[in-house]
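Visitor: Got a structure here, written out as C-alpha cells. Questions coming.
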Amino acid sequence: MTIVYQQEVVELLKQVIEPTLKNDIVSLGMVRNLRIVDDYVYLRLCIGSHQQQFKTEVEAKLSALTWCKKTYIQICTIPGVKITLGISSGKGGVGKSTTAVNIAAALSLQGAKVGLLDADVYGPNVPQMLGLGQADVEVIQTPTGDKFLPLEVQGIKLMSVGLLAEKNRPLAWRGPVLHKIITQFINDVEWGELDYLLIDLPPGTGDAQITIIQESPICGVILVTTPQQVAVADVRRNIYMFRQVGVPVLGIVENMSYLICGDCGSRTYIFGSGGGEQLAAELQAPLLGQIPIDARICSGGDSGNPIATSEQASPASEVFRKIAIALHTNFTTAI
Ligand code: ADP
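Quick note on numbering: this note's numbering labels position 115 of the sequence shown as 117, and the sequence is numbered without any gaps.
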C-alpha cells in the first residue's frame, strides 16, 4: 500500500512547477527524503531563499490525499541564498577547485552576487586560489545565534574549512565530528544576500561529500573530470550517487582536455580525447565545456588571480565565462 501512496504523493508533487525553470519540483531535485509512515507524509523541501512559497503550494496539493492525516515538511534552505550549486569530482587533482573558483569569478563578472564555500575537507585550497593566505574568521552575533562572517575577496564571499584549520596541518576530522563541523559550516555562515553559492565539494563519494549533499539545498552539481578513462570511471560512480539522492547533474566540465601549441596553435590531446563526450552521452548530462591545459591556470591559481577574470583573453577564460553565462541564463530569470 505504501508504494501506491508514495506514487500518489509523487504525482501530486509533480504538479508543483518552478515557474522560471519550467520544470516540476520533483524533477528539479527539490523533494528529498520522502517517507510515508502510518498515513503521515514526511518530506524535505530543498529550496532557495526566493522559493519559500513552495511549502504552501505543496501543502495545498497534498491536502487532496484522502488517507493522509498530516504532512510534515522540513525546509532545507540557506538564509539569503537563492541558488546553491555543488562542484564535484570523482577524485582529487582534476581541477575541481580551479573550476569552482573560475566559475564563481566568471559569475561575479556577470554581475551576480556570488559566494564560495570551500568544503573540500581533504584539501581546502580555495583561499589561496583567490589570493588569501591564512586569515582570521570573524564570528558575529545574530538573532539566530553566532555566525561565521565570510571573507570578501575579488567581489566573492568566501568561507573555507581551511580558514578554520591550522596552516599546514591535515584536517583529521572523522565520523561524527566531521558531520558536526560540516553541518555547522553550512548553516552557520552569515552570507547576506547571494544569487549563487557554489560549494566546492570534497572529491569522491565518501562520508563528507554525502553529508554536505544531504545537509544543503544543492539544486544541481557540476562534475569535473579529466579525459583519462580512469578519471571518467570515477565520475561515473559520482554521478550515480547524485542521482540516487535525487540531486540533478547540470553537466560535465572536462579539464586538461588538450594542450595548445604556443607556436602553431594546434591541439595535442595528451590524455586522449573523447572521454568527456563519451561520458556526457552515456550519462545524458551535457558537456558544459572543455578546458585546455594552460600554465596560466596554474600560475593564476597559485597567485590568486583566476584566469576567468584575467583581462588577457585565452581559450580557458573563454570556456569558464561561457559556462558561467550558460548557468546565469538558465537561472537568472529565476532569481
Ligand atoms: P582538485 O580541486 O580537483 O584537487 P585543483 O583545482 O586544486 O584540483 O588543481 C590541481 C592543480 O592543477 C592546481 O595546481 C591547478 O592550478 C592545476 N590545474 C588545474 N587545471 C589546470 C589546467 N587546465 N591547466 C593547468 N593547470 C591546471
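Note that the Cβ used here is the ideal one computed from N, Cα and C, for glycine as well. Remember, it's a predicted structure, so these values are computed and weren't measured experimentally.
Looking at GLY50 and GLY248, is the spacing between their C-beta atoms short of 8 Å?
Guide: Here the question's residue 248 lines up with position 246 in the sequence shown. Here the question's residue 50 lines up with position 48 in the sequence shown. Going by C-beta atoms, GLY248 is not nearer than 8 Å to GLY50.
Visitor: Count the other CB atoms, across all protein chains shown, that sit within 10 Å of the CB of MET3; report buried if there are 16 or more and exposed otherwise.
Guide: Walking along the sequence shown from the start, residue 3 turns up at place 1. When all chains shown are included, MET3 counts as exposed.
Visitor: DSSP has LYS159 in a bridge; who is on the other side?
Guide: For the purposes of this step, residue 159 is taken as the residue at position 157 of the sequence shown. Beta-bridge pairing links LYS159 to GLY117 and GLU154.
Visitor: Strictly closer than 6 Å from CB to any heavy atom of the ligand ADP: give me those residues in the order they appear in the chain.
Guide: After applying the 6 Å Cβ criterion, the set is SER91, GLY94, GLY95, VAL96, GLY97, LYS98, SER99, THR100, GLY125, ASN127, ASN257, MET258, ILE293, ILE295, ASP296, ILE299, CYS300 and GLY303.
Visitor: Rounded to whole angstroms, what's the CA-CA distance from ALA336 to VAL223? Just pull it up for me.
Guide: Within the sequence shown, numbered from 1, the residue matching residue 336 stands at position 334. Within the sequence shown, numbered from 1, the residue matching residue 223 stands at position 221. Confidence at ALA336 is low in this model, with a pLDDT of 46, below 50, so its placement is unreliable and the value that follows should be read with caution. Going by the C-alpha atoms only, they are around 17 Å apart.
Visitor: Where do the N-terminal and C-terminal ends of the alpha helix (DSSP H) with GLY222 fall, by residue?
Guide: By one-based count along the sequence shown, residue 222 stands at place 220. Here GLY222 belongs to no alpha helix (DSSP H); instead the beta strand (DSSP E) covers 222-227.
Visitor: Can you list, in chain order, the residues of its chain with a C-beta nearer than 8 Å to that of ALA287? Leave out the 5 residues immediately preceding and following it.
Guide: As a working mapping, residue 287 is identified with position 285 in the sequence shown. The residues are LEU225, ILE241, VAL251, LEU252, GLY253, ILE254 and LEU281.
Visitor: Determine the contact status of GLY98 and ILE105, defining contact as a CB-CB distance below 8 Å.
Guide: Locating residue 98 in the sequence shown gives position 96, counting from the first residue. Locating residue 105 in the sequence shown gives position 103, counting from the first residue. It should be pointed out that residue 98 corresponds to Lys in this sequence rather than to Gly. Their beta carbons are not under 8 Å apart, which means LYS98 does not touch ILE105 by this criterion.
Visitor: Considering Cα atoms alone, identify which of ALA114, GLN143, MET131 and GLY302 is closest to ASP120.
Guide: Locating residue 120 in the sequence shown gives position 118, counting from the first residue. Taking only the C-alpha atoms, the option nearest ASP120 is MET131.
Visitor: Taking all protein chains shown into account, do 16 or more other C-beta atoms lie within 10 angstroms of the C-beta of PHE260, making it buried, or fewer, making it exposed?
Guide: Indexing the sequence shown from 1 puts residue 260 at position 258. With the sequence shown as reference, residue 260 is identified as Tyr, and Phe is not the correct amino acid for it. The residue is buried, with at least 16 neighbouring Cβ atoms inside 10 Å.
Visitor: ILE27 and TYR7 - do their beta-carbons sit closer together than 8 Å?
Guide: Counted from its first residue, the sequence shown places residue 7 at position 5. Counted from its first residue, the sequence shown places residue 27 at position 25. Cβ distance not < 8 Å, so TYR7 and ILE27 don't count as in contact.
Visitor: Excluding the 5 residues preceding and the 5 following GLY194 in the sequence, name in chain order all residues of the same chain whose CB lies nearer than 6 Å to its CB.
Guide: Taking the first residue of the sequence shown as 1, we reach residue 194 at position 192. Taken in chain order, the residues that qualify are GLY82.
Visitor: Please confirm whether ALA107 and ALA315 have their CB atoms less than 8 Å apart.
Guide: Taking the sequence shown and counting its residues from 1, one reaches residue 107 at position 105. Taking the sequence shown and counting its residues from 1, one reaches residue 315 at position 313. Result no, Cβ atoms of ALA107 and ALA315 do not sit closer than 8 Å.
Visitor: Which residues bound the alpha helix (DSSP H) around GLN338?
Guide: Look at the range of the chain in this structure, 3 to 337, and you will see that residue 338 is not part of it.
Visitor: Could I get the ranges of all uninterrupted beta strand (DSSP E) runs contained in the stretch 24-77, with 3 residues as the minimum, in chain order?
Guide: 33-39 and 42-48
Visitor: From this set, LEU47, MET258, LEU23 and ASP41, which residue's C-alpha is nearest GLU217's C-alpha?
Guide: Taking the first residue of the sequence shown as position 1, residue 217 is located at position 215. The residue with the shortest Cα to Cα distance from GLU217 is LEU47.
Visitor: Straight-line CA distance for GLN156 to VAL103?
Guide: Within the sequence shown, the letter at position 154 stands for residue 156. Within the sequence shown, the letter at position 101 stands for residue 103. Distance between the alpha carbons of GLN156 and VAL103 is about 11 Å.
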